[in-house]
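Asker: Going by the UniProt record's numbering, the residue at position 209 of the sequence shown is 209; the numbering climbs one at a time, nothing skipped. Have a look at the structure that comes next, please.
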Amino acid sequence: MPVSPNLPAPALPQGPWALFLDIDGTLLEHAAHPDAVVVGDELRALLASLEARLDGALAFITGRSIAAVDNLFQPLRLRAAGLYGLEHRLARDGPVEAAGEPADIAALAQEIEAELDNADVYIERKGPILAIHTRAAPHLLRRATQLVEQALGRLPAGYRVLAGNAGVELMPLEAAKGAAIRRFMEESAFSGRRPVFLGDDTSDENGFEVVNEMDGVSVRIKPRGPTAARHALAGVEEALVWLDAANHSNAEKSAGLVAT
1 MPVSPNLPAP ALPQGPWALF LDIDGTLLEH AAHPDAVVVG DELRALLASL
51 EARLDGALAF ITGRSIAAVD NLFQPLRLRA AGLYGLEHRL ARDGPVEAAG
101 EPADIAALAQ EIEAELDNAD VYIERKGPIL AIHTRAAPHL LRRATQLVEQ
151 ALGRLPAGYR VLAGNAGVEL MPLEAAKGAA IRRFMEESAF SGRRPVFLGD
201 DTSDENGFEV VNEMDGVSVR IKPRGPTAAR HALAGVEEAL VWLDAANHSN
251 AEKSAGLVAT
């Protein structure tokens, strides 16, 4: 399968491993609006099969809320870190540790909505995280970034701005995918396994760094520039093909990873 010219494709599984998955741009193609994506039955079946093969050592690591993830993948309720680790579900079908929306973030969201005033810009309020999606209006990305950067000086300490491929987000400093992965790796279902993380955006870079520290396998989907990931796949289709191959490789053995 085609890959980045600078990074090799990851090897297929063979030894104890755990799987962490970003969603948008990794399992699903991006859409102009986050609610416009659709999950097919084949993807649901693949995830359920992988989770069973890994004895539960599979988790979503996403900027979406866990409620939004559940709505997409229903009836599956897999382990997940939502809002970049501000929400957690540590057990399948288990309770969600949720995060609420602070009043200052709610007020800022209203201000930015009024300032941009464009039907093609989607402002997503995710508890303590404010995301501005400009995929359908790329000419407004710079202005959106300016607005959230200017807001930092008016907010309590502890927030940061994260620019993405087609939008910008304002979030607490503790919102980090790497920290979410570390937390899952302390759980019994994941402990002692080699972490594998697939992601596609700048928000995934912290996760790649943590996985690399753990001697895991970091995979950037469709890399567009420098990345901490040590492997690459050319797009969503290639990622799904790789996951399907991993699911079916050495089916008679315990899951694990070939040394690379």
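We treat Cβ as the ideally placed atom computed from N, Cα and C, and that holds for glycine. In this text, all values refer to a predicted model and were calculated from it rather than measured experimentally.
Report all residues from its chain with a CB closer than 6 Å to the CB of A81; omit the five preceding and five following residues, and keep chain order.
Answerer: I61, H88 and A180
Asker: Between V217, R125 and R64, which lies nearest to A18 when the distance is taken from Cα to Cα?
Answerer: Closest by alpha carbon: V217.
Asker: Less than 9 Å separating the beta-carbons of P138 and P102?
Answerer: no
Asker: Can you have a look at N206 and say buried or exposed, based on whether 16 or more other CB atoms are within 10 angstroms of its CB?
Answerer: buried
Asker: Using the beta-carbon count (16 or more within 10 Å), is G158 buried or exposed?
Answerer: exposed
Asker: Between the C-alpha atoms of M1 and R220, what's the straight-line distance to the nearest angstrom?
Answerer: The predicted position of M1 is uncertain, since its pLDDT is 43 and thus under 50; a value taken from the coordinates is nonetheless stated next. Answer to the nearest angstrom: the Cα atoms are 15 Å apart.
Asker: Please state whether the Cβ-Cβ distance between A48 and L76 is less than 9 Å.
Answerer: yes
Asker: Distance check for P16 and S254, CA to CA, integer angstroms please.
Answerer: Note that S254 has pLDDT 45, beneath the 50 cutoff, so the model's placement of it is unreliable and the number below is only indicative. Those two C-alpha atoms are separated by around 7 Å.
Asker: May I ask you to report which of helix, strand or coil DSSP gives V38?
Answerer: coil
Asker: My output table needs one value for H33: the three-state DSSP class, helix, strand or coil.
Answerer: coil
Asker: Could you name each continuous beta strand (DSSP E) segment of 3 residues or more that falls completely within the region 38-102, going from the start of the chain to the end?
Answerer: Taking only runs of at least 3 residues, the beta strand (DSSP E) segments lying wholly in the region 38-102 are 58-61, 79-82 and 87-89.
Asker: Could you name the residues of the same chain whose beta carbon sits closer than 8 Å to that of N118, not counting the 5 residues immediately before and after it, in chain order?
Answerer: A137 and L140
Asker: Please classify S191 as buried or exposed, where buried requires at least 16 other C-beta atoms within 10 Å of its C-beta.
Answerer: exposed
Asker: Compute the Euclidean distance between the alpha carbons of P8 and L243, then round it to the nearest angstrom.
Answerer: Approximately 16 Å between the Cα atoms of the pair.
Asker: Rounded to whole angstroms, what is the Cα-Cα separation between A99 and K177?
Answerer: CA-to-CA, the gap between A99 and K177 works out to about 15 Å.
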